[in-house]
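Enquirer:
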């Protein structure tokens, strides 16, 4: 597992609160959602975040939101080519 670098004070302050809620930090692996989602484009990252939190938040509603972002990504790739980041 990667060891995170020290965070700047402004980022360290958001460890708790509405910008970094527990439902993104409570995975049994100990990995935070942002550690994975930041490596994807916007649509894929958003889908991952909704899937990640579905069991802790709004269940089917979150999965439907993830599905919307996945459908949008499929459409984007069909229209512009199957490129990872555009």
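Residue numbers (this note's numbering): -4 to 81. Positions of the beta carbon are idealized from the N, C-alpha and C atoms, including for glycine. The model shown is predicted, which means the values in this text are computed figures rather than measured ones.
Quick test of your reading: residue 65 and residue 42, contact by CB under 8 Å. State the CB separation rounded to the nearest angstrom.
Expert: Indeed, because the Cβ distance is near 5 Å, the residues count as touching under 8 Å.
Enquirer: Contact between the region 67 to 79 and the region 44 to 53 is defined here as three or more beta-carbon pairs at a separation below 8 Å; is this criterion met?
Expert: At 8 Å Cβ cutoff, the stretches do not touch.
Enquirer: Which residue spans inside the region 27 to 70 form an unbroken alpha helix (DSSP H) run of at least 4?
Expert: Within the region 27 to 70, the complete alpha helix (DSSP H) runs of at least 4 residues are 28 to 32, 37 to 48.
Enquirer: Mind checking residue 78: buried by the 16 CB within 10 Å criterion, or exposed?
Expert: Counting Cβ neighbours within 10 Å, residue 78 comes out exposed, since fewer than 16 surround it.
Enquirer: Under 7 Å between the Cβ atoms of residue 67 and residue 36?
Expert: No, Cβ-Cβ distance for residue 67 and residue 36 is not below 7 Å.
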